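Asker: To start, I am sharing the structure in question, which I have written as structure tokens.
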């Protein structure tokens, strides 16, 4: 479980193919200090397992469905990635519940400066529309954000300068794909509504 508060911007190093997937090294600062083999870490919003550590460099692997649903398969050496360690039991909770289970990718349609702040607009795939609401939570590239505007398939998000500075949003361009995880509460509610008979029986 994660909070969507990015701790570090890492840099992708060597990328190697493995059976059914890829293995890649990431150089990081603060987060690499206490990482151990077997730890979970969010990389651009994707929960991965650390398989090797060497000083400021750690190694993770991505296979199968993870590569199909996310942008990890398109990463190149030198790419900047958002990093967050799994939430500690005694830590503060500053964002929203983020599982690290990316649902799909979305296309960036706008990334522009608005006064002191920034504005990000994305075009969502139709499958995610039932789970996205105005002023609701959404994780983009692992970042906990709030939906400020909705127009058809397009969602707009206001970004403060600090968030732009400490995440890879600063490098995004229109047309690029970003990882999306919708609010887990919305997913549970949508699933519950599939079983009206069960809901009615509990009311009796």
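Residue numbers (our numbering): 1291 to 1494.
All C-beta atoms in this analysis are idealised placements derived from N, C-alpha and C, irrespective of residue type, glycine included.
Predicted, not measured: the structure shown is a model, and the values here were computed from it.
1) Taking just the CA atoms, how far does residue 1475 sit from residue 1387?
2) Among the residues of its own chain, which have a CB less than 6 Å from the CB of residue 1337, if the five just before and after it don't count?
3) Helix, strand or coil: how does DSSP classify residue 1451 here?
4) Is residue 1393 helix, strand or coil when you go by DSSP?
5) For the stretch 1460–1469 against the stretch 1395–1404, are there 3 or more C-beta pairs whose distance is under 8 Å?
6) Tell whether a beta-carbon distance below 8 Å holds between residue 1296 and residue 1457.
7) Pull up the distance between the alpha-carbon of residue 1434 and that of residue 1487, whole angstroms please.
8) Among the candidates 1449, 1294, 1348, 1358, whose CA atom is the shortest distance from the CA of residue 1377?
9) Three or more beta-carbon pairs under 8 Å between the stretch 1441–1454 and the stretch 1358–1374, yes or no?
10) What separation, rounded to the nearest whole angstrom, lies between the Cα atoms of residue 1334 and residue 1424?
11) Over what stretch of residues does the alpha helix (DSSP H) that includes residue 1481 continue unbroken?
12) Along the chain, where does the alpha helix (DSSP H) containing residue 1356 start, and where does it finish?
13) For residue 1309, does the count of other Cβ atoms within 10 angstroms reach 16, so buried, or fall short, so exposed?
14) Quick test of your reading: residue 1325 and residue 1343, contact by CB under 8 Å. State the CB separation rounded to the nearest angstrom.
15) Less than 8 Å between the beta carbons of residue 1300 and residue 1371, yes or no?
16) Kindly give me the distance between the Cβ atoms of residue 1446 and residue 1438, rounded to whole angstroms, as I take these residues to be in contact under 8 Å.
17) Grab me the residues of residue 1347's own chain with a C-beta within less than 6 Å of its C-beta, minus the 5 sequence neighbours each way, in chain order.
18) Any idea what DSSP makes of residue 1324, helix, strand or coil?
19) Pull the bridge partners of residue 1408 from the DSSP assignment, please.
20) What is the DSSP secondary structure of residue 1364, reduced to helix, strand or coil?
Answerer: So, from the listed chains and residues:
1) 9 Å
2) 1330, 1390
3) helix
4) coil
5) yes
6) yes
7) 34 Å
8) 1294
9) no
10) 23 Å
11) 1474–1482
12) 1354–1359
13) exposed
14) 5 Å
15) yes
16) 5 Å
17) 1315, 1317
18) helix
19) 1403, 1449
20) helix
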